[in-house]
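Asks: My numbering puts the first residue of the sequence shown at 687, with every later residue one more than the last. Let me begin by handing over the structure; questions about it come next.
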Amino acid sequence: MKNIYLIRHCKAEGQEPNAKLTPLGQEQAIQLANALGAIPLEVVVSSPFTRTIQTIQPLCDRLGLAFVTDHRLEERVLSAHQLDNWMELLKQTYEDMDMVLDGGESSREAMSRGVAVIQELIEGPHHHAAVVTHGALLSLILRHFDPSVGFEEWRALTNPDVYVLRYRPGDVKLIRLWQEQS
(Lines of atoms letter the chains of each structure in order from A and count residues from 1; the text may use other names and numbers.)
(Lines give C-alpha, C1' and ligand atoms only; values in the text may rest on other atoms or scores of the structure.)
Protein backbone atom coordinates (compact mmCIF):
# COMPACT_ATOMS: atom_id res chain seq x y z
CA MET A 1 0.00 0.00 0.00
CA LYS A 2 1.12 3.54 -0.78
CA ASN A 3 0.29 6.39 1.60
CA ILE A 4 0.58 9.81 0.02
CA TYR A 5 -0.06 12.71 2.38
CA LEU A 6 -1.58 15.67 0.55
CA ILE A 7 -0.86 18.87 2.46
CA ARG A 8 -2.19 22.36 1.89
CA HIS A 9 0.14 25.10 3.11
CA CYS A 10 -0.36 26.99 6.36
CA LYS A 11 -1.72 30.56 6.59
CA ALA A 12 0.26 32.92 4.39
CA GLU A 13 0.61 36.68 3.87
CA GLY A 14 -0.63 36.54 0.28
CA GLN A 15 -0.96 34.61 -2.97
CA GLU A 16 2.22 35.60 -4.81
CA PRO A 17 4.94 32.93 -5.12
CA ASN A 18 7.22 34.59 -2.54
CA ALA A 19 4.46 35.18 0.07
CA LYS A 20 5.67 33.98 3.47
CA LEU A 21 3.74 32.33 6.25
CA THR A 22 2.14 34.66 8.78
CA PRO A 23 3.21 34.32 12.43
CA LEU A 24 0.13 32.10 12.90
CA GLY A 25 1.16 30.10 9.83
CA GLN A 26 4.60 29.55 11.35
CA GLU A 27 2.94 28.19 14.51
CA GLN A 28 0.71 25.99 12.35
CA ALA A 29 3.78 24.56 10.57
CA ILE A 30 5.17 23.48 13.95
CA GLN A 31 1.78 21.97 14.90
CA LEU A 32 1.77 20.14 11.58
CA ALA A 33 5.26 18.78 12.25
CA ASN A 34 4.09 17.59 15.67
CA ALA A 35 0.97 15.97 14.21
CA LEU A 36 2.78 14.21 11.34
CA GLY A 37 6.13 13.57 13.00
CA ALA A 38 5.50 9.86 13.62
CA ILE A 39 4.79 9.11 9.94
CA PRO A 40 7.74 7.28 8.35
CA LEU A 41 7.95 9.62 5.36
CA GLU A 42 10.49 8.63 2.75
CA VAL A 43 10.08 11.49 0.29
CA VAL A 44 8.55 14.99 0.34
CA VAL A 45 7.69 16.91 -2.83
CA SER A 46 6.65 20.56 -2.52
CA SER A 47 5.53 23.43 -4.67
CA PRO A 48 8.49 25.81 -4.97
CA PHE A 49 6.43 28.69 -3.51
CA THR A 50 7.81 30.11 -0.25
CA ARG A 51 4.67 29.34 1.80
CA THR A 52 4.71 25.62 0.94
CA ILE A 53 8.41 25.29 1.72
CA GLN A 54 7.96 27.10 5.04
CA THR A 55 5.01 24.79 5.79
CA ILE A 56 6.97 21.57 5.36
CA GLN A 57 10.40 22.66 6.62
CA PRO A 58 9.71 21.98 10.35
CA LEU A 59 8.50 18.45 9.58
CA CYS A 60 11.48 17.74 7.31
CA ASP A 61 13.84 19.10 9.98
CA ARG A 62 12.23 16.86 12.59
CA LEU A 63 12.54 13.80 10.36
CA GLY A 64 16.00 14.67 9.02
CA LEU A 65 14.52 14.48 5.54
CA ALA A 66 15.24 16.72 2.58
CA PHE A 67 12.44 17.80 0.25
CA VAL A 68 12.39 18.38 -3.48
CA THR A 69 10.41 21.06 -5.27
CA ASP A 70 8.29 20.47 -8.33
CA HIS A 71 6.77 23.30 -10.37
CA ARG A 72 3.81 21.04 -11.23
CA LEU A 73 2.59 21.58 -7.65
CA GLU A 74 2.35 25.36 -8.03
CA GLU A 75 -1.08 26.89 -7.48
CA ARG A 76 -3.55 26.75 -10.32
CA VAL A 77 -3.63 29.93 -12.39
CA LEU A 78 -7.25 31.02 -12.90
CA SER A 79 -6.40 34.09 -15.00
CA ALA A 80 -3.51 36.42 -15.73
CA HIS A 81 -5.77 39.35 -14.77
CA GLN A 82 -7.38 40.58 -11.55
CA LEU A 83 -11.04 39.59 -11.67
CA ASP A 84 -13.71 41.13 -9.47
CA ASN A 85 -15.92 38.06 -9.93
CA TRP A 86 -13.11 35.49 -9.58
CA MET A 87 -15.06 33.39 -7.05
CA GLU A 88 -18.00 32.97 -9.46
CA LEU A 89 -15.63 32.15 -12.31
CA LEU A 90 -13.71 29.67 -10.16
CA LYS A 91 -16.97 27.91 -9.34
CA GLN A 92 -17.71 27.64 -13.06
CA THR A 93 -14.35 25.94 -13.64
CA TYR A 94 -15.44 23.07 -11.39
CA GLU A 95 -18.58 22.68 -13.51
CA ASP A 96 -16.74 23.04 -16.83
CA MET A 97 -13.35 21.41 -16.37
CA ASP A 98 -12.15 22.72 -19.75
CA MET A 99 -13.08 26.38 -19.20
CA VAL A 100 -10.02 28.62 -19.66
CA LEU A 101 -9.81 32.30 -18.77
CA ASP A 102 -7.32 34.67 -20.41
CA GLY A 103 -3.82 33.74 -19.29
CA GLY A 104 -5.07 30.93 -17.07
CA GLU A 105 -5.34 27.18 -17.20
CA SER A 106 -8.36 24.93 -17.14
CA SER A 107 -9.18 22.78 -14.15
CA ARG A 108 -8.37 19.74 -16.27
CA GLU A 109 -4.91 21.09 -17.18
CA ALA A 110 -4.08 21.93 -13.56
CA MET A 111 -5.44 18.58 -12.35
CA SER A 112 -3.35 16.76 -14.94
CA ARG A 113 -0.06 18.30 -13.82
CA GLY A 114 -0.79 17.73 -10.12
CA VAL A 115 -1.93 14.16 -10.64
CA ALA A 116 1.20 13.45 -12.69
CA VAL A 117 3.26 14.03 -9.53
CA ILE A 118 0.98 11.71 -7.55
CA GLN A 119 1.15 9.05 -10.25
CA GLU A 120 4.96 9.14 -10.19
CA LEU A 121 4.87 8.61 -6.42
CA ILE A 122 2.41 5.72 -6.80
CA GLU A 123 4.68 4.08 -9.37
CA GLY A 124 7.86 4.82 -7.40
CA PRO A 125 9.56 2.79 -4.68
CA HIS A 126 8.38 4.78 -1.64
CA HIS A 127 5.46 3.73 0.54
CA HIS A 128 5.07 6.97 2.53
CA ALA A 129 5.30 10.27 0.66
CA ALA A 130 4.11 13.82 1.25
CA VAL A 131 3.04 16.38 -1.32
CA VAL A 132 2.76 20.05 -0.31
CA THR A 133 0.67 22.30 -2.50
CA HIS A 134 -2.09 24.91 -2.63
CA GLY A 135 -5.85 24.86 -2.13
CA ALA A 136 -7.17 24.93 -5.68
CA LEU A 137 -4.65 22.40 -6.95
CA LEU A 138 -5.21 20.18 -3.91
CA SER A 139 -8.96 20.18 -4.53
CA LEU A 140 -8.39 19.20 -8.17
CA ILE A 141 -6.07 16.35 -7.18
CA LEU A 142 -8.73 15.17 -4.71
CA ARG A 143 -11.36 15.45 -7.45
CA HIS A 144 -9.32 13.16 -9.71
CA PHE A 145 -9.62 10.40 -7.12
CA ASP A 146 -13.14 11.37 -5.93
CA PRO A 147 -15.27 13.06 -8.63
CA SER A 148 -17.70 14.35 -5.98
CA VAL A 149 -15.07 16.90 -4.86
CA GLY A 150 -15.87 20.32 -6.29
CA PHE A 151 -16.14 24.00 -5.53
CA GLU A 152 -17.77 23.59 -2.10
CA GLU A 153 -15.08 21.14 -1.02
CA TRP A 154 -12.45 23.66 -2.15
CA ARG A 155 -14.20 26.31 -0.03
CA ALA A 156 -14.17 23.94 2.96
CA LEU A 157 -10.39 23.44 2.82
CA THR A 158 -8.45 25.07 5.64
CA ASN A 159 -4.91 26.37 5.95
CA PRO A 160 -3.30 23.97 6.62
CA ASP A 161 -5.18 20.84 5.67
CA VAL A 162 -4.04 17.24 5.29
CA TYR A 163 -5.50 14.27 3.44
CA VAL A 164 -3.97 10.86 2.98
CA LEU A 165 -4.39 9.03 -0.29
CA ARG A 166 -4.19 5.31 0.44
CA TYR A 167 -3.49 3.50 -2.77
CA ARG A 168 -3.51 -0.16 -3.64
CA PRO A 169 -4.09 -1.35 -7.19
CA GLY A 170 -7.86 -1.35 -7.60
CA ASP A 171 -8.45 0.40 -4.27
CA VAL A 172 -8.06 4.12 -3.54
CA LYS A 173 -9.19 5.83 -0.35
CA LEU A 174 -9.02 9.52 0.56
CA ILE A 175 -9.12 10.32 4.26
CA ARG A 176 -9.03 13.79 5.76
CA LEU A 177 -6.50 13.54 8.57
CA TRP A 178 -6.03 16.99 9.94
CA GLN A 179 -7.37 20.43 9.43
CA GLU A 180 -6.92 23.71 11.23
CA GLN A 181 -9.26 24.01 14.16
CA SER A 182 -11.14 27.29 14.44
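We treat Cβ as the ideally placed atom computed from N, Cα and C, and that holds for glycine. Predicted, not measured: the structure shown is a model, and the values here were computed from it.
Are there 16 or more other CB atoms within 10 angstroms of the CB of Arg-762, so buried, or fewer, so exposed?
Replies: buried
Asks: Taking Cβ to Cβ, would you say Ala-715 is nearer than 8 Å to Cys-696?
Replies: Yes.
Asks: Let me confirm a value: Arg-841 is counted as buried when at least 16 other C-beta atoms fall within 10 Å, else exposed. Which label applies?
Replies: exposed
Asks: Considering only DSSP beta bridges, list what Tyr-691 is partnered with.
Replies: Ala-816 and Val-850
Asks: In the structure shown, what three-state DSSP assignment does Ala-724 receive?
Replies: coil
Asks: So, for Thr-755: in the same chain, excluding its five sequence neighbours on each side, which residues have a beta-carbon less than 6 Å away from its beta-carbon?
Replies: Ser-732 and Pro-734
Asks: Hey, would you say Val-786 sits closer than 8 Å to Phe-753, going by beta carbons?
Replies: no
Asks: Unbroken beta strand (DSSP E) runs of length 3 or more, entirely within the segment 764–823: which are they?
Replies: 814–819
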